[in-house]
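Numbering (our numbering), first residue to last: 292 to 541.
For each residue, glycine too, the CB sits at the ideal point set by N, CA and C.
Being a predicted model, the structure only gives us computed values, none of them experimental.
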Amino acid sequence: MANALFNYILRLADSTIILAQRDAEWTGHGPYLEEDLALTNIALDLFGRGKALLEYAAKLEAKGRTEDDLAFFRSERQYFNAIITELPKGDYAFTMLRHAIVDTFDLLLYSALMSSTDETLKGIASKTCKEIQYHQRHSFAWIKRFGLGTEESARRVSDALEQLWPFTDDLFDQAPAEVDLINAGIIPDRSSLKPAWQNHILNLFNEVHLKPNTEAFMQSGSIKGIHTEHLGHLLAEMQALPRMYPNATW
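Next comes the structure, spelled out in structure tokens:
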């Protein structure tokens, strides 16, 4: 069970730091200064959460690796982040819609983890939920601005939905080894979160006249380390310095 929990925590951490990395690409390029700072702070929240999760994963693994080792010295096939988090940042409508989708999922997931029988995971979740509530309010407000704004803004968020929707099922995939963790009350069953997630997201979409393509082919595979080509490029940039100077200290 310890190995299953390690892999589960790693999966949480990977989705968090990869999304943080994508958000960080907007630093200095936001639509205006206040928003630039807001998204940069969201990225910092995500990096902080990812660090806490990787620290716990390293402790569970007990093989002498640190959180930095786990972040910077794994290949793309050893990463298990949700595919939706690794897609290029696109325009601001794409970034905000991705956040709305992921924030809603994360809020449900980490709210459930607040009842975990694992005290460390429970503590991380308790701190995280407060941050995610802000992230979700922020992303939902932007989707309403796009969807109910101009013809151009509505087109952009509609195009973003067309690109993002096929990757939403991947959020709910579960490894067979996670069944024991569910039965032990350590983690929630992801499939149980989907109805509430759909309700929140579809209500938002209805409000802004967005309609997902329910006949789209749904992508999956992140739980097995299968990703798009974009993750390799992201990791090459993110891991460049530690791989060039692996023993460097600050």
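| Item | Value |
| --- | --- |
| Between Leu-518 and Ile-374, is the Cβ-Cβ spacing less than 8 Å? | Looking at the sequence shown, residue 518 is not Leu but His. Result yes, Cβ atoms of His-518 and Ile-374 sit closer than 8 Å. |
| Under 8 Å between the Cβ atoms of Ala-487 and Leu-399? | yes |
| Specify, as a first and last residue, the run of the alpha helix (DSSP H) that Leu-303 falls within. | 293 to 315 |
| Tell me which same chain residues have a C-beta within less than 6 Å of the C-beta of Pro-533, skipping the five on either side of it? | Phe-363 |
| Return the residue from the list Leu-328, Gly-339, Asn-497, Lys-380 that minimises the CA-CA distance to His-521. | Lys-380 |
| Where Ser-306 and Leu-296 are concerned, what is the direct C-alpha to C-alpha distance, given to the nearest angstrom? | 16 Å |
| Using 10 angstroms around the beta-carbon of Leu-301, count the other beta-carbons present and answer buried if the total reaches 16, otherwise exposed. | buried |
| Taking Cβ to Cβ, would you say Phe-463 is nearer than 8 Å to Arg-436? | no |
| Based on Cα-Cα distance, which residue from Phe-496, Gly-523, Gln-465, Tyr-299 lies nearest to Glu-453? | Phe-496 |
| How many Å lie between Gly-469 and Gly-440 at the Cα? | Correcting the residue identity first, residue 469 is Glu in this sequence and not Gly. Distance between the alpha carbons of Glu-469 and Gly-440 is about 43 Å. |
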